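A.B. asks:
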Amino acid sequence: MTQSADAVLASTEFHTDEHVYRLLGLPANGISLACAIVAEAASPFSAVIVDKDEVSLLLREDILQGHDMRLKDAALSDTGYRLITFSQALEPDLVGFIAKVSAWLAAAGIPILALAACSRDHILVPMADFPRALAELIKLQDIIRRGQ
Numbered sequence: 021m022t023q024s025a026d027a028v029l030a031s032t033e034f035h036t037d038e039h040v041y042r043l044l045g046l047p048a049n050g051i052s053l054a055c056a057i058v059a060e061a062a063s064p065f066s067a068v069i070v071d072k073d074e075v076s077l078l079l080r081e082d083i084l085q086g087h088d089m090r091l092k093d094a095a096l097s098d099t100g101y102r103l104i105t106f107s108q109a110l111e112p113d114l115v116g117f118i119a120k121v122s123a124w125l126a127a128a129g130i131p132i133l134a135l136a137a138c139s140r141d142h143i144l145v146p147m148a149d150f151p152r153a154l155a156e157l158i159k160l161q162d163i164i165r166r167g168q
């Protein structure tokens with residue numbers, strides 16, 4: 021059975037933690053360093069994204085502080101982010117889920133970084149916008165639930 025974005029939003033829970041995350045940019049040859057730091061950290065949430073131009077590393081701020089010397093040449097985001105994970109497992113053919121979330125939060129003036137895992141989606145929002153982002157997601161969920 022194919023999921024709909026509305027059905028997922030109506031039934032998901034929004035999970036978060038108390039951590040602040042930072043985004044780092046490393047040169048394209050920084051994959052070994054990024055993966056080593058993630059492996060050593062053994063954090064329940066982190067990300068390494070590799071493309072032809074760079075390696076992006078997303079880690080908790082407290083973990084990054086322990087790797088200052090190894091990451092001295094990395095470009096560190098000025099913004100700290102908070103994590104929101106959508107608890108509902110997502111089918112690979114789900115259409116429009118992040119588009120709906122993104123459009124709703126964009127209309128509220130809230131920027132996001134969207135990340136997809138194998139079965140769950142996550143967004144990161146700037147720390148200053150986190151309470152409002154969570155409130156907006158709950159509002160969207162309530163609107164969808166009332167419409168069903």
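Residue numbers (this note's numbering): 21 to 168.
Positions of the beta carbon are idealized from the N, C-alpha and C atoms, including for glycine.
No experiment lies behind these values; they were computed from the predicted model shown.
From I164 to Y41, what distance separates their C-alpha atoms?
C.D. replies: Cα-Cα distance, rounded: 30 Å.
A.B. asks: Compare the beta carbon distance of I57 and L43 with 8 Å and say whether it is the shorter of the two.
C.D. replies: Not in contact: I57 and L43 (Cβ atoms no closer than 8 Å).
A.B. asks: How about S107 and E33: do their beta carbons lie closer than 8 Å?
C.D. replies: In this structure, E33 lies closer than 8 Å to S107 by Cβ.
A.B. asks: What residues in its chain sit with their C-beta under 8 Å from that of G100, if we drop five residues either side in the sequence?
C.D. replies: For G100, where only same-chain residues beyond five positions count, the Cβ hits under 8 Å are V40, Y41, R42, E81, P146 and M147.
A.B. asks: Could you tell me which whole beta strand (DSSP E) segments of length 3 or greater appear in the segment 23–103?
C.D. replies: Qualifying beta strand (DSSP E) stretches, in chain order: 41–47, 67–70 and 74–80.
A.B. asks: Give a yes or no on whether the C-beta atoms belonging to E156 and T22 are separated by under 8 Å.
C.D. replies: No. Outside cutoff.
A.B. asks: Can you give me the start and stop residues for the beta strand (DSSP E) that P146 sits inside?
C.D. replies: From DSSP, the beta strand (DSSP E) with P146 extends over D141 to P146.
A.B. asks: Do S63 and L84 have their beta-carbon atoms positioned less than 8 Å apart in this structure?
C.D. replies: Taking 8 Å as the Cβ cut-off, L84 and S63 do not qualify as a contacting pair.
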